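In this note's numbering, the protein residues as written are 4 to 206. As structure tokens, the structure follows; a few thoughts come after it.
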Amino acid sequence: MTEHVEIGGQMGSMARPAPSRSCAGCDLCCTAASVAEIGKPAGVRCPSLTALRAPGTNCMIYEHRPGVCRSFMCIWRASDVALDDAFFPADCGFCLWVNDPFVWPMTITVGYDPKRPTAWDRPHFRARFKALAWELNCIVAIGQGELATHIFAPSGKVFAKAKRPDLFIDGGKQVGLPGKEFRAGVRLTVAEIAKAILGYASR
Numbered sequence: 004m005t006e007h008v009e010i011g012g013q014m015g016s017m018a019r020p021a022p023s024r025s026c027a028g029c030d031l032c033c034t035a036a037s038v039a040e041i042g043k044p045a046g047v048r049c050p051s052l053t054a055l056r057a058p059g060t061n062c063m064i065y066e067h068r069p070g071v072c073r074s075f076m077c078i079w080r081a082s083d084v085a086l087d088d089a090f091f092p093a094d095c096g097f098c099l100w101v102n103d104p105f106v107w108p109m110t111i112t113v114g115y116d117p118k119r120p121t122a123w124d125r126p127h128f129r130a131r132f133k134a135l136a137w138e139l140n141c142i143v144a145i146g147q148g149e150l151a152t153h154i155f156a157p158s159g160k161v162f163a164k165a166k167r168p169d170l171f172i173d174g175g176k177q178v179g180l181p182g183k184e185f186r187a188g189v190r191l192t193v194a195e196i197a198k199a200i201l202g203y204a205s206r
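Shown next, in the form of structure tokens:
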């Protein structure tokens with residue numbers, strides 16, 4: 004049996020920003036992630052960004068931003084435990100976020116800059132994706148929606164859309180894995196997921 008999950012919601016309500024990190028100089032999430040409320044697809048720069056301000060402070064509708072933006076949690080921004088400094092989105096070319104942790108199997112999305120679609124494909128990054136998939140017994144998906152290209156499984160395997168399109172439902176809006184690719188009997192609670200990613204229990 005193949006477990007499928009929609010690539011969608013985030014878990015920002017569980018997190019507080021890591022005091023050692025800042026969005027200054029980065030607005031990649033505003034390009035990488037889709038925002039259905041305003042019809043913005045993944046990989047398209049948000050039209051609400053202005054060039055008159057520095058990245059990280061350049062959203063013209065920040066005070067009235069959509070709910071999905073309010074709840075968005077960039078893992079690098081929220082945690083100095085899960086990802087090291089090499090994962091600063093503006094530098095590495097991608098950002099990671101958690102989809103709904105209440106849905107099994109949970110998915111971590113690696114939303115990449117469409118101008119740098121293979122930036123994620125380096126040994127240091129791949130090793131961390133594999134480790135996250137194993138530790139959380141979850142899917143790590145490269146790209147969101149139609150931009151999804153690869154899936155990292157808890158088993159250590161990596162599946163490419165070009166070779167396994169059956170795992171990328173509706174062009175990638177949903178991704179899935181056969182049950183055998185997960186660690187049998189391991190399903191973390193939301194509190195355990197928060198502890199593993201954020202370094203503290205959720206509020």
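For glycine and all other residues, C-beta sits at the position ideal for the given N, C-alpha and C. Keep in mind that this is a model prediction, so the values were computed, not measured.
| Query | Result |
| --- | --- |
| Quick one: residues in its chain with C-beta nearer than 6 Å to the C-beta of Met4, no 5 flanking neighbours on either side, listed in chain order? | For Met4, the pLDDT reaches just 46, beneath the cut-off of 50, and the residue's location in the model is therefore unreliable, leaving the point undetermined. |
| So, helix, strand or coil for Leu191, using DSSP? | coil |
| State the Cα-Cα distance for the pair Val178 and Pro22, rounded to the nearest angstrom. | 33 Å |
| According to DSSP, Ile154 sits in a beta bridge with which residue or residues? | Ala144 and Phe162 |
| In chain order, what residues of the same chain have a beta carbon less than 6 Å from the beta carbon of Asn140, not counting five sequence neighbours either side? | Pro157, Phe185, Arg186 and Val189 |
| Look at the Cβ atom of Ala45, then the Cβ atom of Glu149, and state whether they are nearer than 9 Å. | yes |
| Fully enclosed by the segment 24-54, which beta strand (DSSP E) runs are 3 residues long or longer? | none |
| Which of the three DSSP states, helix, strand or coil, is assigned to Pro181? | strand |
| In the DSSP assignment, find the unbroken beta strand (DSSP E) run with Phe97 in it and report its ends. | Phe97 to Val101 |
| Among Pro117, Thr110 and Cys26, which one has its Cα closest to the Cα of Ala133? | According to the sequence as given, residue 133 is Lys; it is not Ala. It is Thr110. |
| Kindly indicate which three-state DSSP category Ile111 falls into: helix, strand or coil? | strand |
| If you count every other CB in all the chains shown that lies within 10 Å of the CB of Val106, and 16 or more means buried, which is it? | exposed |
| Would you identify the three-state DSSP class for Ile200, choosing helix, strand or coil? | helix |
| Compute the Euclidean distance between the alpha carbons of Ala180 and Arg129, then round it to the nearest angstrom. | What sits at residue 180 in the sequence shown is Leu, not Ala. Using only the alpha carbons, I get a separation of about 18 Å. |
| In the DSSP assignment, find the unbroken alpha helix (DSSP H) run with Ala231 in it and report its ends. | Shown here, the chain extends from 4 to 206; a query on residue 231 therefore has no answer. |
| Would you call the CB atoms of Thr60 and Arg48 closer than 9 Å? | no |
| In the DSSP assignment, what residue or residues form a beta bridge with Cys77? | Trp100 |
| Secondary structure at Phe209, three-state DSSP: helix, strand or coil? | Here the chain covers residues 4 to 206 and nothing more, so residue 209 does not appear. |
| Counting only the same chain and skipping the five closest in sequence on each side, list residues whose C-beta sits under 7 Å from that of Ala89. | Cys95 and His127 |
| Please name the residue in Ile196, Lys166, Ile172 and Lys160 whose C-alpha comes closest to that of Glu138. | Ile196 |
| CB-CB under 6 Å to Val113, same chain, minus the five flanking residues each way: which ones, in chain order? | Phe97, Leu99, Trp123 and Ile145 |
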